[in-house]
Structure formats: C-alpha cells, structure tokens
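For the sequence shown, the working numbering begins at 1 and goes up steadily by one.
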Amino acid sequence: MKTRAAVALGAGRPLEVMEVDLEGPRAGEVLVEIKATGVCHTDAFTLSGDDPEGAFPAILGHEGAGVVVETGPGVKGLEPGDHVIPLYTPECRECDFCLNPKTNLCQAIRETQGQGVMPDGSSRFSLDGKPLLHYMGCSTFSNYTVLPEIALAKVRKDAPFEKICYVGCGVTTGIGAVAFTMNVEAGATVAVFGLGGIGLNVVQGARMVGASRIIGVDLNPDREALGRQFGMTEFVNPSEVDDIVGHLVEITGGGVDYSFECIGNVNVMRQALECCHKGWGQSCIVGVAGAGKEISTRPFQLVTGRSWRGTAFGGARGRTDVPRIVDWYMDGRINIDDLITHTMPLDEINTAFDLMHAGESIRSVVLY
Ligand code: NAD
Ligand code: AHE
Ligand code: ZN
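Written out as structure tokens, the structure is:
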C-alpha cells in the first residue's frame, strides 16, 4: 500500500512529507493506522546526526497512538479495530530480561530494532524500490506503519488518540522514572533538571508519589509557571546562581534524596549527581547524550553513598503498564492536556522541531 510519511532523508535536513510504499504485516506483525504522534526531543536528537544508532533514510517518530488495521499470521492478542500505542521498549514476556523483575529492557528484537529493520532483518517501507529504515521499531511519522505484536500495547477505545500518544514516550518516561525506576517515596526531596516534555512529567510523578519538595532547574524562565502547575515547589534558574550544586545542597540542608537529569547534557548529569545527599542520594539519568559524550565525577561521590542510575521508558513494561497509565489519564489522576502545547498536520511537522529548539513548546502533536 501507499502511505504518507515524513521522511528523514539525511542528518540535519528537514523532514520531507511524501508518499512511500508500505508492505503488509508478515508473521507476528501488525499494520497500524497512526492517528496522532508526539514529537520527542529524541527524534530531534537522531535527526541531528548525534545518535550513534541513527541511520538514514528513515521514518522517525516513536510517540504514537492508532488503530490496528490488519494482523499477520500468528498474531493472537490483537485484532482489527483495537486501539494501540506503539512501544519502542517492547514486552515479549519470554526473554531473560522480561523474566527478570529488575528490568523493563525486553531484548527480544533489540538488535534488529537498532538497525532500523523488522525482526526478520527487512524493512516494510520503501521509496522508489529502495528500502527506508524503521526507527525505534515504531516510525510513527508515517500514517500507516508495521510493528511486531510484542511492540504494541492495547488500550481502551474511549481514550483520545491526540492525548494518549504522549503516553508512548514522554508521560511514561517521566512518571515511570519516579514511580517505577527510582521508586521515590512519600516525603522525599526531588530535583528535576530540565522542565521539558520529560521533566514536567517527572515533576507530576513526584507529586503523585507525595514528594515533599520538588525543585525544578531550567535555563528557560518560561518553564517556571507550568512547573508549579504540575507540582514543582521551587524553581532555580542555573544562570542566576554562581554554583548550582552548592545552591541546591544549601537550600536542602545537605542535598536532595533524588535527582533526575532530563536534558541529555553530561555536565548537568554531573551536577544532578553531586547535588544528591551524602549517604543516600540517588540520581537518575533520563536525558540522552550524543555520540562520544561521557559522564564523569569524583569516585568519592559514590564512595560516600550517592548512586548514579538511569532509566529507559521510565522502567515501564509497555504492554502491562501503558494501558494502566492511559487509565490514570482517563481517571483524571494525571494531566496530559496542558503539556500538549501545539498540534499540527503532518505537512507542518518541521514546525514541531522549530518550536522545540526555540523552547516554545512542551509537546507538539501531529494529527493525521
Ligand atoms: P525538551 O527539549 O522538551 O526539554 C529539555 C529542557 O531542558 C528544556 O526545558 C530546556 O530549557 C532545558 N535545558 C536545556 N539545557 C539546560 C541546562 N544546561 N540546564 C538546565 N536546563 C536546561 O526535551 P524532552 O523531550 O523533555 O527530552 C529531554 C531528554 O530526555 C532528551 O535528551 C531526550 O532525548 C531524553 N529522553 C529520554 C528517554 C528515556 O527513556 N531515557 C525518553 C524520552 C526522552
Ligand atoms: N540510540 C542511542 C540511545 C537512545 C536512547 O537512549 N534511547 C532511549 C529512549 S529515548 C526515547 O525518547 C532508550 O530506551 N534506550 C534504551 C534502548 O535499548 O535503546 C545510542 O546512544 O545509541
Ligand atoms: Zn521519546
């Protein structure tokens, strides 16, 4: 079939909206009509050329929601008409990783996913007879896409696609980092570095679990109001203090219990670790840093009881947890609507990247 898609023909180039060819689902695969997709900073990161796994030409996008159109042979858990959210972290429920309660990183299809192809090693997308690569196993910047069944969470049919697409990455990553990965307890003090589409969800996750202080840190002063609306109790602009680490340690009487880096900046990752309390503070890396970047700190920081951790997809097991998070939204327990600051048709998808780089949007959502 033909489908409209925004194609990344090369690093650093705007996406080009065009008709591409899409082959139907093979064994274990599902054809999905994407109804809406968010644009995450990770899409911009890969498009910039900074992603070691970034390969072109490809169809980016990993934060979608849509409807099952057709199932391939052997698909048992989904049928046409089901509403689904694509999962860049699938859940096969059989691999060593899925069977280990310590991780959500299902590895069943990780290798081929990183290469931009389906589990059988081929692509379903092509242009003029030449293959186009998939991205993070999702490629939600295409109106129709094919995914393995294990990479689809079935969700309730009354949830609006244009909101719940955000659960496909940002909402789950931010709230999950707090609730699943770090297991933050009520009463804890929390610092959140970067109040964008991920960091604001960390803030609302921290509020949900009952954190006592939620300190937001961002260079963009416009982030303060929304941060407070989502539960942030204090805001610090690092450009207005001499030493951000010393300042945070001072105002918390020794450091925070938990910190989250939601930017992808290795210097800030160090600050996030070092503002943690001696003896027990834990820092979680959420941001994705570019190729060749490395983190550093004095080992003494860890010797004296701080821990450095990280999260992918908020530690969520997608097929199990994503439908629950959609329920939280439908029950009014989490706020998604106020974080979706812009919507646009596919033809205007490059505007979403411009708004993100200008610091004007939290989340842009493309409506098909
Ligand atoms: P975003 O662009 O919406 O937000 C980034 C925020 O950081 C902005 O508010 C910006 O003003 C702020 N910022 C930039 N530099 C700063 C600095 N030096 N100090 C303080 N604040 C600064 O991005 P996003 O969509 O929220 O994504 C954030 C990061 O999380 C990205 O690196 C993205 O790739 C990553 N991410 C990781 C996962 C995961 O599973 N680990 C999932 C989604 C996104
Ligand atoms: N491909 C990059 C790393 C990119 C990365 O860290 N991706 C996150 C999700 S970001 C979503 O917006 C992730 O889930 N990583 C775990 C995984 O298995 O990919 C690189 O550095 O090679
Ligand atoms: Zn993302």
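Glycine included, each C-beta is placed from N, C-alpha and C at the ideal position.
If you run the structure through DSSP and keep just helix, strand and coil, what is residue i?
i      : result
Asp242 : coil
Gln229 : helix
Ile214 : strand
Phe97  : coil
Lys35  : strand
His83  : strand
Trp280 : coil
Tyr166 : helix
Could you check where the beta strand (DSSP E) with residue i kicks off and where it finishes?
i      : result
Val75  : Here Val75 belongs to no beta strand (DSSP E), and DSSP marks it neither H nor E.
Thr385 : For the chain, the structure presents residues 1 to 368; residue 385 sits outside this window and is missing.
Val155 : Leu152 to Val155
Glu111 : Note, Glu111: premise wrong, no beta strand (DSSP E); alpha helix (DSSP H) at Arg110 to Gly114.
Lys130 : Lys130 to Leu132
Ala206 : First-last for Ala206: Gly199 to Val209, but that is the alpha helix (DSSP H), not the beta strand (DSSP E).
Pro299 : Element bounds for Pro299: not the beta strand (DSSP E) but the alpha helix (DSSP H), Pro299 to Val303.
Gly310 : Ser307 to Gly310
Out of curiosity, what's the CA-to-CA distance linking residue i and residue j?
i      : j      : result
Pro299 : Trp308 : 11 Å
His277 : Asn104 : 27 Å
Leu31  : Phe230 : 36 Å
Arg223 : Met208 : 20 Å
Gly38  : Leu60  : 11 Å
Asp257 : Gly216 : 14 Å
Gly281 : Lys293 : 24 Å
Cys275 : Val236 : 13 Å
Asp96  : Thr311 : 18 Å
Val326 : Pro221 : 30 Å
Gly254 : Ala65  : 43 Å
Ala352 : Ser364 : 6 Å
Ser212 : Asp158 : 34 Å
Gly174 : Ile334 : 12 Å
Met330 : Ile164 : 9 Å
Return the first residue and the last residue of the alpha helix (DSSP H) that residue i is part of.
i      : result
Met344 : Where Met344 is concerned, there is no enclosing alpha helix (DSSP H), although the beta strand (DSSP E) it sits in stretches over Ile340 to Pro345.
His41  : His41 to Ser48
Asp21  : Careful: Asp21 lies outside any alpha helix (DSSP H), inside the beta strand (DSSP E) at Glu16 to Leu22.
Ala159 : Neither: Ala159 is in no alpha helix (DSSP H) and is coded neither H nor E.
Do the stretch 51 to 70 and the stretch 181 to 188 meet, that is, are 3 or more Cβ pairs less than 8 Å apart? no
Taking 5 Å as the limit, tell me which residues put their C-beta closer than that to any heavy atom of the ligand ZN, in chain order. Cys40, Thr42 and Cys169
Segment contact, 8 Å Cβ cut-off, at least three pairs: the stretch 197 to 206 with the stretch 71 to 88: no
Inter-stretch contact at 8 Å, needing at least 3 Cβ pairs: the stretch 15 to 29 / the stretch 115 to 124: yes
Just checking, does the stretch 156 to 172 make contact with the stretch 248 to 264 on the three C-beta pairs under 8 Å criterion? no
Three-pair Cβ contact test at 8 Å for the stretch 3 to 13 versus the stretch 336 to 344: no
Looking at C-beta atoms only, is the number of pairs between the stretch 151 to 161 and the stretch 84 to 102 that lie closer than 8 Å three or more? yes
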